[in-house]
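Below is one structure, written out as structure tokens, with a few remarks after it.
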Amino acid sequence: MKRIVVLLSGRGSNLEAIVQRCAEEAWPARVVAALSNRADAAGLAWAAGQGIATQALDHRAHASRDAFDAALAAAIDAHRPDVIVLAGFMRILGDEFVRRYAGRMLNIHPSLLPAFPGLHTHRRAIEAGCQVAGATVHFVTPELDHGPIVAQAVVPVKADDTPESLADRVLAAEHSIYPLAVRWFLDGELHVAGLRVVQTAGAPQSYFFP
Ligand code: GAR
Numbered sequence: 004m005k006r007i008v009v010l011l012s013g014r015g016s017n018l019e020a021i022v023q024r025c026a027e028e029a030w031p032a033r034v035v036a037a038l039s040n041r042a043d044a045a046g047l048a049w050a051a052g053q054g055i056a057t058q059a060l061d062h063r064a065h066a067s068r069d070a071f072d073a074a075l076a077a078a079i080d081a082h083r084p085d086v087i088v089l090a091g092f093m094r095i096l097g098d099e100f101v102r103r104y105a106g107r108m109l110n111i112h113p114s115l116l117p118a119f120p121g122l123h124t125h126r127r128a129i130e131a132g133c134q135v136a137g138a139t140v141h142f143v144t145p146e147l148d149h150g151p152i153v154a155q156a157v158v159p160v161k162a163d164d165t166p167e168s169l170a171d172r173v174l175a176a177e178h179s180i181y182p183l184a185v186r187w188f189l190d191g192e193l194h195v196a197g198l199r200v201v202q203t204a205g206a207p208q209s210y211f212f213p
């Protein structure tokens with residue numbers, strides 16, 4: 004049984020999507036823990052309700068970024084994960100932390116990377132006049148919102164979109180591609196060569212949600 008540890012800071016809808024797909028498809032894996040830098044993250048309460056181990060580590064209680072990263076790594080390692088899944092984890096992680104989990108830490112970002120790393124992706128996509136937006140699942144590297152791209156979901160930007168309406172459309176697509184990407188990783192179906200990732204079973208890595 005493969006072990007998944009999820010890091011989140013908020014709502015946790017991507018965690019829910021992964022837990023749900025894991026159950027529906029009877030993956031030989033389970034989410035063993037949800038960890039957060041925020042004790043009040045809704046996703047943490049949801050996970051606890053599912054019987055998933057949870058832990059909050061307040062970054063403000065640590066003297067430095069390195070001290071927080073070390074505490075977080077210790078909490079993660081206690082669960083012996085095969086994969087670490089960042090699902091709306093809104094803390095920048097230090098290089099040492101990222102290197103520790105190199106090749107087994109995934110993130111989802113609500114834009115078509117390398118466009119719009121960082122915050123306010125939906126507002127920026129609308130303001131830039133983009134006709135499409137989307138989400139990207141990628142391996143985590145020390146550079147923020149960067150790293151080998153596993154899968155991307157594309158959605159249209161509509162003329163009357165607000166950042167909120169676009170975010171809703173992108174989020175629905177996230178819930179589709181993130182569980183898929185996690186499963187591929189656990190099944191050993193991802194081959195990484197530099198920044199390029201190949202799904203070795205031939206599954207499509209780009210999805211359009213019109
Ligand atoms: C998602 O839209 C995810 O792509 C984004 O945070 C949201 C979390 O939602 N992540 C980032 O912006 C990371 N840079 P959730 O808590 O409902 O899964």
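Sequence positions in the sequence shown follow my numbering and run 4 to 213.
All C-beta atoms in this analysis are idealised placements derived from N, C-alpha and C, irrespective of residue type, glycine included.
Small disclaimer: the values here were computed from a predicted structure and weren't measured.
Here residue 126 has 166 as same chain residues with Cβ atoms under 6 Å from its own Cβ, once five neighbours each way along the sequence are excluded. For the pair residue 192 and residue 153, the Cα-to-Cα distance works out to about 11 Å.
Residue burial is scored here from C-beta neighbours: residue 95 has fewer than 16 other C-beta atoms within 10 angstroms and is therefore classed as exposed. The alpha-carbon separation between residue 172 and residue 93 amounts to approximately 20 Å. Beta-bridge annotation (DSSP): residue 110 is paired with 89 and 141. Boundaries of the alpha helix (DSSP H) around residue 173: 166-189.
Segment contact: the stretch 35-42 against the stretch 107-121, fewer than three CB-CB distances shorter than 8 Å; contact not assigned. Sequence-distant Cβ neighbours of residue 20 in its own chain, meaning closer than 7 Å and more than five residues away, are 178, 181 and 182.
With respect to the 8 Å criterion, residue 195 and residue 144 are not classified as neighbours on the basis of their beta carbons.
Beta-bridge analysis with DSSP links residue 155 to 139 and 209. Under the DSSP assignment, residue 116 falls outside any alpha helix (DSSP H); it carries neither an H nor an E label. For the set 136, 150 and 204, the Cα lying nearest the Cα of residue 212 is the one of 136. By the neighbour-count criterion, in which 16 or more other beta carbons inside 10 Å mark a residue as buried, residue 4 falls on the exposed side. Annotation: the continuous alpha helix (DSSP H) that includes residue 21 extends over 16-27.
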